[in-house]
Amino acid sequence: MKGTIQKWKIMILLSVLLFVSNMAFAEDETKNNTEGNPVDTALVTSSSVQTNIPNHLFVDSLSLRRHFIHRIGLEARPGYIFPTSSFFRGENLDNRPIENSLSLHLKYSFQFHPNTYTDRIYRGAYQGIGVAYYNMYEKQQLGNPLTVYLFQGARITRFNQRLSLNYEWNFGASFGWKPYHSDLNPYNKVIGSKVNAYLNTNFYFNWMLSPQFDFTTGVAVTHFSNGNTKFPNAGLNSIGLKVGLVYNINRKEEYFTKPLYQSPVPKFPRHISYDLVLFGSWRRKGVTIGEGQMVASPEAYPVLGFNFAPMYNFGYKFRAGISLDGVYDGSANVYSPDGYGNEFLKPSAGKQLALGVSGRAEYVMPYFTVGIGLGTNVIHAGGDLKSFYQILALKIEVTRSSFLHIGYNLQDFHDPNYLMLGFGFRFNNKYPTFHRR
């Protein structure tokens, strides 16, 4: 339990640091971006319906062929595994601590051209896909998983034209784990499935060595778990270093120099938009019997829900609001009538429905939006549904006003609830979309 609390405290802390750091620099960045590069802009002579920007403003006009800088990256990440379980502390087949890991990463990304609106607003944002091979130095009991993930990063602050402090998040799936098995792998009571979610946050320095090459080094925090879809689900957490080299395929020397003149970044049209998310998943459930003993139910229970959130768009990178959250949790208030865990029964549907209210904050970037939420159920039948819950979510842009939703719901900051896999729609969306041009 302490390990679970610790890992989510770390993830939530890093998310808060990311929000704070970007909000702190947002105002300064906007003030500095009051001019634009005439080489990369063109005069709009008709109403801009897609971006909701008035007539006669300068906007990015690079062709799709020249719109991005393409990048290939190689990274090594040695890590230390947190001893959150007795399994990692030495209660395993080899009777020794499991505390080291090493991963090798191959990454492709694309970055917006310097001095364009998109680059200036989002501070050199880049995004892409990566693959990684993880060695936990315990192949027999943990395996050596292969990870496939999406990632995005941007600059937090720039020290000079060649050196900056950046952040990056990774989110994906990992394959090839050796999960718990009562006969074949009885000591591993932390990983319950062959496929697990992968979440990483890292902060690093980026040195531009030449027009083509960047050197990166920093700190990375990683979490693996199956989202409570199978027992056990203690997960694996690590912290370590990262060191890498990035090859920028079509970056040129002039990108290192700041232009003498930059046209103004269009003023953001503040407005209220409305997000509707429909989601579903499945989850496992531990049921308390006897004198506080927890027994895992053998069933997988369905979860269905919705979120409806009016969100005030403060600027290009931040929106916040209040969400109405409805859920049917098929595992809520499940009980064992004999008190010994020989049988598990579900209560009536009314005792598995809840309606809650949560405060939401979102960090908005091209293609991806990262959000957090804090809420409580206000209409419910008690028991498992009487809770203070937290939400961490990723929204992946599909069209201008629709998105995929991948989220995770926690209770009281430490008890895992369920995944939130779904689709969302945004109404009254007046957000400018320079990155889609």
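Per mature numbering (1 follows the signal peptide of the UniProt record, and there is no 0), the sequence shown runs over residues -26 to -1, 1 to 411. Beta carbons: idealized from backbone N, C-alpha and C, even for Gly. All figures in this text were calculated on a predicted structure; none of them were measured in a lab.
Asked, Found
"Check whether the region 282 to 294 touches the region 259 to 267, counting contact only when three or more Cβ pairs, one atom from each stretch, lie closer than 8 Å.", "no"
"Can you grab the Cα-Cα spacing for the pair Gly324 / Phe282, in whole Å?", "21 Å"
"Based on DSSP bridge pairs, tell me the residues matched to Glu371.", "Phe377"
"In chain order, what are the residue ranges of uninterrupted beta strand (DSSP E) at least 3 long that sit wholly in the region 242 to 286?", "245 to 257, 260 to 263 and 267 to 270"
"Please classify His409: does DSSP put it in a helix, a strand, or coil?", "helix"
"Classify Val193 as buried or exposed, calling it buried when 16 or more other Cβ atoms lie within 10 Å of its own Cβ.", "exposed"
"With DSSP collapsed to three states, give me the class of Phe42.", "strand"
"Under 6 Å Cβ to Cβ from Thr196, same chain only, skipping five residues before and after it: list those, please.", "Asn174 and Ser212"
"Only counting the same chain, and skipping five residues up and downstream in sequence, which positions put a Cβ closer than 6 Å to that of Arg132?", "Ser138"
"For the region 344 to 362 and the region 218 to 226, state whether three or more C-beta atom pairs, one from each stretch, are separated by less than 8 Å.", "no"
"Could you tell me which whole beta strand (DSSP E) segments of length 3 or greater appear in the region 109 to 134?", "120 to 132"
"Does the region 235 to 250 come within contact of the region 176 to 191, defined as at least 3 CB pairs closer than 8 Å?", "no"
"Under the rule that 16 or more other beta-carbon atoms within 10 Å means buried, what is Ser60, buried or exposed?", "exposed"
"What's the call for Lys369, buried or exposed, on a 16-neighbour Cβ count within 10 Å?", "buried"
"Between Arg400 and the rest of its own chain, which residues show a CB-CB distance below 6 Å, the 5 nearest in sequence each way excluded?", "Ser247, Asp249 and Ser375"
"Just the C-alpha distance for His409 and Pro52, rounded to the nearest angstrom, thanks.", "34 Å"
"Which same chain residues, not among the five before or five after Glu317, have their C-beta less than 7 Å away from its C-beta?", "Ser310 and Pro311"
"Can you tell which of Tyr302, Tyr314, Phe42 and Ala306 has the C-alpha that lies nearest to the C-alpha of Leu329?", "Tyr302"
"Would you give the residue range spanned by the beta strand (DSSP E) that Tyr96 belongs to?", "First-last for Tyr96: Tyr91 to Tyr96, but that is the alpha helix (DSSP H), not the beta strand (DSSP E)."
"Please report the distance separating the alpha-carbon of Gln385 from that of Phe362.", "6 Å"
"If you run the structure through DSSP and keep just helix, strand and coil, what is Asp157?", "coil"
"Go ahead and pull the three-state DSSP assignment for Glu228.", "helix"
"Report the rounded CA-to-CA distance for Tyr161 versus Asn222, giving the unit in angstroms.", "45 Å"
"Put Phe62 into one of helix, strand or coil per three-state DSSP.", "helix"
"Please tell me whether Gly333 has its Cβ less than 9 Å away from any Cβ of chain B.", "The structure shown has no chain B; it contains just one protein chain."
"Starting from Val317, trace the beta strand (DSSP E) both ways and give me its first and last residue.", "In the sequence under discussion, the amino acid at residue 317 is Glu, which differs from the Val named in the question. Premise fails: Glu317 is in no beta strand (DSSP E) and is neither H nor E."
"So Ser255 and Tyr392 are supposed to be a Cβ contact under 8 Å. How far apart are they, rounded?", "5 Å"
"Using the Cβ count rule (16 or more neighbours within 10 Å means buried), how would you classify Thr203?", "buried"
"So, under 8 Å CB-CB, Gly102 and Tyr82 are touching, yes? Tell me the CB distance rounded to an integer number of Å.", "5 Å"
"Could you check how far apart the C-beta atoms of Lys320 and Gly304 are, in whole angstroms? I think they sit under 8 Å.", "7 Å"
"If you draw a straight line from the alpha carbon of Ala(-1) to that of Gly260, how long is it in whole angstroms?", "Confidence at Ala(-1) is low in this model, with a pLDDT of 42, below 50, so the placement of that residue is unreliable and no value is reported for it."
"Which whole-angstrom value describes the C-beta separation of Leu124 and Phe253, a residue pair presumed to lie in contact below a C-beta threshold of 8 Å?", "Between Phe253 and Leu124 the Cβ distance is about 19 Å, and since that is not below 8 Å, they are no contact."
"Is the separation between the beta-carbon of Leu80 and that of Val105 shorter than 9 Å?", "yes"
"Could you check how far apart the C-beta atoms of Leu120 and Tyr107 are, in whole angstroms? I think they sit under 8 Å.", "6 Å"
"Let me make sure I understand the geometry here. Which of Phe387, Thr191 and Phe145 has the alpha-carbon closest to that of Ile380?", "Phe145"
"On the DSSP letters alone, give me the boundaries of the beta strand (DSSP E) that Arg400 sits inside.", "Asp389 to Phe401"
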